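Visitor: Taken in order, the sequence shown gives residues 463 to 721; the numbers are from our numbering. Below is the structure I would like to discuss, written out as structure tokens.
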Amino acid sequence: MNTKLLGFALMLSLIMSPVFAQEEELLIEEESAATTEDDLFSGDFFSDLDSFLEESSDETNANDAVEPTAEDSLIEPVSNNQVEESAEESLQSSASGSSQGLPSSAQVTLTVTNVSQDNANATQSGARPGDVLRYEITLNSQTDDVVNYVPSVNVSGIEKVVEFTNTGFGVRESGSIVYPAYSNQAPCTQAFTFFVRVLDDCADLTALSVSTPQAGSVSVPLNCGLAQTGPSQSLFLLAGLMMLVLTLIFGVFSRKTSR
């Protein structure tokens, strides 16, 4: 009987020994995990983490603090005055380019015709009081594009003895006629015109001279002593006197007839 009990107990211990071993391993793993978690949330862990971050920051700052190279030493600081001067020079250059935006291959000519004398060349035929003159600036560019060319003509020398009857798209500004900026691709040809009429009171001048920056000047001989092309005040006065004489003659004739 005792032998059977002893054998049964031995068999039971052999069967249960793996189970106890597994439970012991689980307990060991749980204790190890708890220990690791305690270490993570302990002050020593955060202290070590702060030390690591400080060391990384020091290394980064050391890498950023690079000594200036030879190229950097050549770069001089720019003052505010230098920046303002550069901006002013740029604006002046842009303005100059917009007013004189002509390629070197382009040609500009200035001509004048006397409309009142069958469109004759006014520089040869001259002009008289009442004559209408047609001035024309012609731009011709066959190879290069034209960008922002602003045509202008100086008319300050004729303003007192002519009437500007038509300036086209031009605008009179301080003794000049200025046209809108012109741009076009080559080949291109464009004319800019204006018309004037010679006034009766032109004895102060002997010639009408206008000029452009690119085409130079043209001069029209002025003959103020000759008869005017258009109707004059003396002509209207003569017509009035003739009407008055005819009225008087008609009145006298009517009285004689009535008697």
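For each residue, glycine too, the CB sits at the ideal point set by N, CA and C. What you are looking at is a predicted structure, and each value in this text was computed from that prediction instead of being measured.
1) I'd like to know if Val682 contacts chain B, where contact means its C-beta is closer than 8 Å to some C-beta of that chain.
2) Report, in whole angstroms, the separation of the C-beta atoms of Val623 and Asp593, which I expect to be a contact under 8 Å.
3) Measuring alpha carbon to alpha carbon, tell me which residue in Gly619, Thr600, Val574 and Gln586 is nearest Gln676.
4) Let me know the secondary structure DSSP gives Gln676 once reduced to three states.
5) Taking the alpha carbon of Gly687 as the reference point, which residue from Ser671, Leu670 and Asp663 has its own alpha carbon closest?
6) Who pairs with Ser603 in a beta bridge, going by DSSP?
7) What are the start and end residues of the beta strand (DSSP E) that includes Gln569?
8) Can you tell me where the alpha helix (DSSP H) holding Ser638 begins and where it ends?
9) Does the structure place the segment 599-618 close enough to the segment 631-643 that three or more beta carbon pairs sit under 8 Å?
10) Is DSSP giving Val612 helix, strand or coil here?
11) Leaving out five residues before and five after Leu700 in sequence, what residues of the same chain have Cβ atoms less than 6 Å from its Cβ?
Guide: Taking the geometry as given:
1) Within the model displayed, chain B is absent; a lone protein chain is all it includes.
2) As a position in the sequence shown, residue 623 is number 161, starting the count at 1. As a position in the sequence shown, residue 593 is number 131, starting the count at 1. Contact flag wrong, Cβ pair sits at about 11 Å.
3) Counted from its first residue, the sequence shown places residue 676 at position 214. Checked all of Gly619, Thr600, Val574 and Gln586; the closest Cα to Gln676 is Thr600.
4) Taking the first residue of the sequence shown as 1, we reach residue 676 at position 214. Secondary structure of Gln676 (DSSP, three-state): coil.
5) For this step, residue 687 is matched to residue 225 along the sequence shown. Comparing Cα-Cα distances from Gly687 to each of Ser671, Leu670 and Asp663, the minimum goes to Asp663.
6) As a first step, residue 603 must be located in the sequence shown, where it is residue number 141. Cys650.
7) Numbered from 1 along the sequence shown, position 107 holds the residue referred to as residue 569. Taken as a continuous stretch (DSSP letters only), the beta strand (DSSP E) holding Gln569 covers Gln569 to Asn576.
8) Counted from its first residue, the sequence shown places residue 638 at position 176. From DSSP, Ser638 is part of no alpha helix (DSSP H) but of the beta strand (DSSP E) over Ser638 to Val640.
9) At 8 Å Cβ cutoff, the stretches touch.
10) Here residue 612 refers to the residue found at position 150 when the sequence shown is read from its first residue. Of the three classes helix, strand and coil, the one that applies to Val612 here is coil, per DSSP.
11) To locate residue 700, count along the sequence shown from 1; it is residue 238. So no residue of the chain qualifies.
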